[in-house]
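Mapping to full-length UniProt numbering: the sequence shown position 33 is 33, numbers consecutive. Even for Gly, the Cβ is constructed at its ideal location relative to N, Cα and C. Keep in mind the model is a prediction, meaning the values are calculated, not measured.
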Amino acid sequence: MTGDLRPDELPSVVAALQTQVAELTQRLDDQAPTVLTQQAGTLKFPTVEAWVHGMFLPMFGWRVDGQRWHWCPQWWRHAEAIWRLETLWRSWEAARLIATGMSNWSVELDRQLRELLGEDGPFRQCRAAEDDRDARHAELPPAAAEPAPEGWWD
Numbered sequence: 001m002t003g004d005l006r007p008d009e010l011p012s013v014v015a016a017l018q019t020q021v022a023e024l025t026q027r028l029d030d031q032a033p034t035v036l037t038q039q040a041g042t043l044k045f046p047t048v049e050a051w052v053h054g055m056f057l058p059m060f061g062w063r064v065d066g067q068r069w070h071w072c073p074q075w076w077r078h079a080e081a082i083w084r085l086e087t088l089w090r091s092w093e094a095a096r097l098i099a100t101g102m103s104n105w106s107v108e109l110d111r112q113l114r115e116l117l118g119e120d121g122p123f124r125q126c127r128a129a130e131d132d133r134d135a136r137h138a139e140l141p142p143a144a145a146e147p148a149p150e151g152w153w154d
């Protein structure tokens, strides 16, 4: 088709293609709010805390041994844990709606479990209460940081 075009016809062909792209984009945009509303309205767990108690701990809590894997009963006091668990919860909610979503989610879960529950994770100095000892909660201090010099980000 382009071989049959005269140079003076090219602007009108480009304009027609741009119109088609704009129409297709508008159709996709019109569908997006419906998809987002449907997904947002179908949360299985309304909060990260509900997900931790209803899904995460029953499914993965067995790993916690206090030696290689650590957990803190006051997990909600650890900023890193909140962030990681919130990420896992939200990605789980999205993944469960897709046929192959859990397969991809499990890859993310395995990576996050090592970071969250592992020897260097935010719970490494915490422990649950046992018959012969009290629970321990220890928040790790944040790393020191200095403000950037004025104009640094300009």
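The Cβ atoms of TRP71 and LEU140 do not sit closer than 8 Å to each other. In this model, ARG96 and MET102 are separated by some 6 Å (Cα to Cα). With a threshold of 16 other beta carbon atoms within 10 Å, TRP83 falls short and is exposed. Apart from sequence neighbours up to five positions away, the residues of its chain that approach LEU5 with a beta-carbon distance below 8 Å are VAL13, ordered along the chain. Counted as a single uninterrupted DSSP element, the alpha helix (DSSP H) harbouring VAL107 occupies residues 101-117. Checking the DSSP bridge columns, you'll see GLU150 has no partner listed. Annotated three-state conformation of ARG6 is coil, per DSSP. Around the beta carbon of LEU88, a 10 Å sphere encloses 16 or more other beta carbons of the protein chains shown; the residue is thus reported as buried. The three-state reading of DSSP puts GLU49 in helix, counting H, G and I together. If you draw a 10 Å sphere on the C-beta of GLU23, you find fewer than 16 other C-beta atoms in it, and that means exposed.
Only residues of its own chain outside the window of five on either side were considered, and among them PRO122 have a CB closer than 6 Å to the CB of GLU80, listed in chain order. CA-CA distance, GLU49 to GLU93, rounds to 14 Å. In this structure, DSSP gives ARG84 a helical state, which the three-state scheme calls helix.
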